[in-house]
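Enquirer:
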Amino acid sequence: MSNSISPYGYAKDGKVYLNGYLNFPTREIGVVKESEQASIQYFTKRFDLAKEKVEQLAKAVNSTNNKGSFLMKLIHLREYLASFDGLGDFPSLFQTLDALEADIHSYIEKNRAKNLEIKQSLLREAEEFKNNRNWVAVTKKYKELKLKWIKTGSAPKEKEEVLNEKFDAIVEGFFQQRNRAIEERRNAIQKRIERYNYLLEKLKNINQNPPENALQVVKKLQNDWKLVGRVPKKDIINLTNAYKAEIGKFFSKHKQQSFRNPADRKRDICDRVEKMLEMDEPPIEEVKSLQKEWQRLGKTKHPNDKEFNTRFKIACNELFETYFLNKQARYKYESFDEKTFFEQLKIKIRLIKESIKKDETELSLMNEKNKRNPNSQQNQNFDIERLNQINKLKTKQRILKKLQDQLLANY
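Mapping the sequence shown onto the working numbering, position 278 (from 1) lands on 278, and the numbers just tick up by one.
1. For the alpha helix (DSSP H) holding Val231, just list the boundary residues, first then last.
2. Counting Cβ pairs closer than 8 Å, one from the segment 348-361 and one from the segment 392-408, do we hit at least three?
3. If Ile269 and Phe312 are in contact, beta carbons under 8 Å, what's the gap, nearest whole angstrom?
4. Please classify Met276 as buried or exposed, where buried requires at least 16 neighbouring CB atoms within 10 angstroms.
5. Across which residues does DSSP place Phe174 in a beta bridge pair?
6. Would you call the CB atoms of Leu100 and Phe90 closer than 8 Å?
7. To which residues of the same chain is Asn241 closer than 8 Å at the C-beta, ignoring the five residues directly before and after it?
8. To the nearest angstrom, report how far apart Phe129 and Val138 are at their CA atoms.
9. Kindly indicate which residue of Leu77, Leu87 and Asn223 has the alpha-carbon position closest to the one of Asp98.
10. Put Ser2 into one of helix, strand or coil per three-state DSSP.
11. Short of 6 Å in beta carbon distance, which residues of its chain neighbour Met1, apart from the five on each side in sequence? Order them along the chain.
12. Just to confirm before moving on: does the CB-CB distance between Leu203 and Leu221 stay below 8 Å?
13. What residue ranges within the segment 152-231 form continuous alpha helix (DSSP H) runs of no fewer than 4 residues, ordered along the chain?
14. In angstroms with no decimal places, state the Cα-to-Cα distance between Asn19 and Arg46.
15. Which same chain residues, not among the five before or five after Thr152, have their C-beta less than 8 Å away from its C-beta?
16. Starting from the N-terminal side, write out each stretch of the alpha helix (DSSP H) that is 4 residues or longer and does not extend beyond the segment 81-107.
17. With DSSP as the reference, label Arg133 as helix, strand or coil.
18. With a threshold of 7 Å, establish whether the CB of Phe308 neighbours any heavy atom of the ligand NAD.
19. Please name the residue in Asn391, Phe174, Thr300 and Gly86 whose C-alpha comes closest to that of Lys51.
20. With DSSP as the reference, please indicate the residues paired to Val16 in a beta bridge.
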């Protein structure tokens with residue numbers, strides 16, 4: 001028995017059928033449960049689910065600028081409708097999907113044309129920088145271009161692969177050149193360091209066993225040292241300090257032999273350590289060597305001996321404080337040597353200010369303690385300690401002013 005209640009299907013022999021439409025044949029969609037009429041009504045009502053999904057998709061596509069993102073959802077919905085069990089106007093739903101798909105493909109084509117223009121522009125920009133040897137700046141530039149390329153959607157299929165190959169070839173070619181240049185620079189730096197080490201060892205041997213023409217040999221060595229070439233400060237600082245110490249040791253011995261009286265030598269040493277005050281990195285080993293020589297020279301009858309002693313002490317104190325300040329900066333900031341000169345100055349100014357504040361507090365406590373416990377013997381010791389503390393403060397204040405003057409002069 002057949003009951004054609006719906007224009008879209010019918011019930012027959014206890015089963016419900018959907019009429020064929022488009023290229024889809026008539027097919028069974030369910031069984032009759034209560035009655036044919038109730039079953040037809042159930043599947044007619046169920047069609048509303050499919051209709052609602054199509055309407056939701058249409059609303060989403062029409063309300064977004066990124067229509068292409070809905071293409072796969074549309075394809076899945078088309079497959080879903082083809083096997084959906086319901087009675088209704090399926091052809092109209094497929095017509096809606098066809099219109100939406102046409103709209104999406106039109107959007108995709110326009111977008112790909114736009115993407116083509118963007119990628120061609122990025123490709124031209126990449127071409128401009130491929131032979132640039134400013135490795136740091138161009139590396140940053142290519143990373144920016146690569147990110148823009150990735151964020152840009154596909155160009156038309158027939159051009160997408162060629163564009164990607166050209167762009168990747170340019171970027172990869174640049175990075176290969178950059179890596180080779182970095183490796184070559186690393187090898188060159190290593191050879192320079194080896195050369196510095198060789199010259200340093202040669203200088204040490206001269207100091208241990210000086211030849212007759214030692215002065216000429218050392219002067220040539222000094223010239224060779226200048227010609228070696230640049231090395232990053234962090235890799236050369238220890239070698240430089242050791243070299244300066246050995247040079248200082250050599251000329252100290254050489255001048256000691258040429259001076260007829262200790263007073264002249266003291267004046268020369270004072271001039272030397274005061275010259276060191278202009279250095280950002282004091283050659284501390286040379287300073288220690290000069291201190292030992294100063295002790296060996298002892299007191300002289302020269303009228304300026306007291307002045308020499310004061311000058312030498314003040315200069316040495318400042319050199320050691322500067323050395324310890326640099327050491328503290330490198331300890332607290334691992335990448336200190338990689339920072340700009342401006343950043344290094346700011347760090348050292350901050351550290352020396354903290355140190356001065358600490359010393360001022362200690363001096364204040366010393367004064368307070370002495371007031372509470374007056375004693376002649378203790379006062380004598382206190383005066384020595386207090387004088388040392390004051391001298392230390394003055395030294396640090398001189399360093400602070402020098403750093404602040406550098407900051408003002410350069411920035």
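Beta carbons: idealized from backbone N, C-alpha and C, even for Gly.
Expert: Straight from the coordinates:
1. Position 231 of the sequence shown, counted from the start, is the residue given in the question as residue 231. Run containing Val231: none; DSSP gives neither H nor E here.
2. The segment 348-361, when compared against the segment 392-408, does touch it at the 8 Å Cβ threshold.
3. Within the sequence shown, numbered from 1, the residue matching residue 269 stands at position 269. Within the sequence shown, numbered from 1, the residue matching residue 312 stands at position 312. Confirmed, Cβ separation roughly 6 Å.
4. Translated into the one-based positions of the sequence shown, residue 276 becomes position 276. Buried is the call here.
5. Here the question's residue 174 lines up with position 174 in the sequence shown. The partner list for Phe174 (beta bridge, DSSP) is empty, contrary to what the question assumes.
6. Within the sequence shown, numbered from 1, the residue matching residue 100 stands at position 100. Within the sequence shown, numbered from 1, the residue matching residue 90 stands at position 90. Result no, Cβ atoms of Leu100 and Phe90 do not sit closer than 8 Å.
7. Locating residue 241 in the sequence shown gives position 241, where the first residue counts as 1. Excluding sequence neighbours, Asn241 sits near Glu281, Pro283, Ile284 and Glu285.
8. Indexing the sequence shown from 1 puts residue 129 at position 129. Indexing the sequence shown from 1 puts residue 138 at position 138. Straight-line Cα distance between these residues: approximately 7 Å.
9. Sequence index remark: in the sequence shown, residue 98 carries index 98 (1-based). Of Leu77, Leu87 and Asn223, the residue nearest in Cα terms is Leu77.
10. As a working note, residue 2 is residue 2 in the sequence shown. Because the pLDDT of Ser2 is 48, which lies under 50, any placement of that residue in the model is unreliable, and the question is left without a value.
11. Along the sequence shown, one-based indexing puts residue 1 at 1. Bear in mind that the predicted position of Met1 carries a pLDDT of just 39, short of 50, making it unreliable; the figure below should be weighed with that in mind. Apart from sequence neighbours up to five positions away, no residue of its chain approaches Met1 with a beta-carbon distance below 6 Å.
12. Taking the first residue of the sequence shown as position 1, residue 203 is located at position 203. Taking the first residue of the sequence shown as position 1, residue 221 is located at position 221. Yes. Within cutoff.
13. Runs found: 157-208 and 214-227.
14. Residue mapping note: residue 19 aligns to position 19 of the sequence shown, counting from 1. Residue mapping note: residue 46 aligns to position 46 of the sequence shown, counting from 1. Here the alpha carbons of Arg46 and Asn19 stand approximately 16 Å from one another.
15. What you label residue 152 is simply residue 152 of the sequence shown in a count that begins at 1. Cβ neighbours of Thr152 beyond the five flanking positions: Asn115, Ile118, Lys119 and Leu122.
16. none
17. If you number the sequence shown from 1, residue 133 lands on position 133. If DSSP states are grouped into helix, strand and coil, Arg133 belongs with coil.
18. Looking at this structure, you won't find the ligand NAD or any other ligand, since it has none at all.
19. On the sequence shown, residue 51 is found 51 positions in, with the first residue counted as 1. That would be Gly86, whose Cα lies nearest to the Cα of Lys51.
20. On the sequence shown, residue 16 is found 16 positions in, with the first residue counted as 1. Per DSSP, the beta-bridge partners of Val16 are Ala11 and Gly30.
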